[in-house]
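K.L.:
Could you have a look at this structure, given as structure tokens, before my questions?
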Amino acid sequence: MEFNDYQKAANRTLYGNEQVLTNCALGLAGETGQVVDLVKNYTFRGQKLDRDELVHEMGDVLWYLSQVAQWADIPFDEIAKNNIDTLNDRYPNGYKNK
Numbered sequence: 001m002e003f004n005d006y007q008k009a010a011n012r013t014l015y016g017n018e019q020v021l022t023n024c025a026l027g028l029a030g031e032t033g034q035v036v037d038l039v040k041n042y043t044f045r046g047q048k049l050d051r052d053e054l055v056h057e058m059g060d061v062l063w064y065l066s067q068v069a070q071w072a073d074i075p076f077d078e079i080a081k082n083n084i085d086t087l088n089d090r091y092p093n094g095y096k097n098k
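Heads up, the final residue of the sequence shown is numbered 98 in UniProt numbering, and it's a clean run with no missing numbers.
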């Protein structure tokens with residue numbers, strides 16, 4: 001699936017027309033916290049890392065992120081391309097841990 005296609009499909013499920021940016025930004029923070037909790041519990045509490053739950057929570061993060069971009073009229077493909085360009089500039093030979 002292409003990023004812009006995802007963004008368009010995800011927007012179909014966006015509810016509300018007031019305070020959408022605030023709702024999506026707060027939702028993004030909350031769902032990111034869910035991902036962090038899964039990793040924290042795996043790393044520090046010895047819990048099994050539930051792949052299905054991780055995929056679910058990362059999908060929620062992706063949804064909110066796509067809707068912040070939608071609100072700002074930024075194509076999701078542009079964000080992905082810009083990020084890869086930045087990484088290529090920063091690490092032209094890939095990341096090497098010394």
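Positions of the beta carbon are idealized from the N, C-alpha and C atoms, including for glycine. As the structure is a prediction and not an experimental result, all values here were calculated from the model.
Under 8 Å between C-beta atoms, does asparagine 23 make it to chain B?
P.N.:
Included in the structure is just one protein chain, with no chain B present.
K.L.:
Near alanine 10, which residues of its chain fall below 6 Å by C-beta distance, leaving aside the five closest residues on each side in sequence?
P.N.:
Trp63 and Ser66
K.L.:
What are the boundary residues of the alpha helix (DSSP H) that includes aspartate 37?
P.N.:
20 to 45
K.L.:
For glutamine 19, count neighbouring C-beta atoms within 10 Å of its own C-beta (all shown protein chains included) and say buried if the count is 16 or more, exposed if not.
P.N.:
That one is exposed.
K.L.:
To the nearest angstrom, report how far apart glutamine 7 and asparagine 17 are at their CA atoms.
P.N.:
17 Å
K.L.:
When DSSP labels each residue in this structure, what does arginine 90 get in the three-state scheme?
P.N.:
helix
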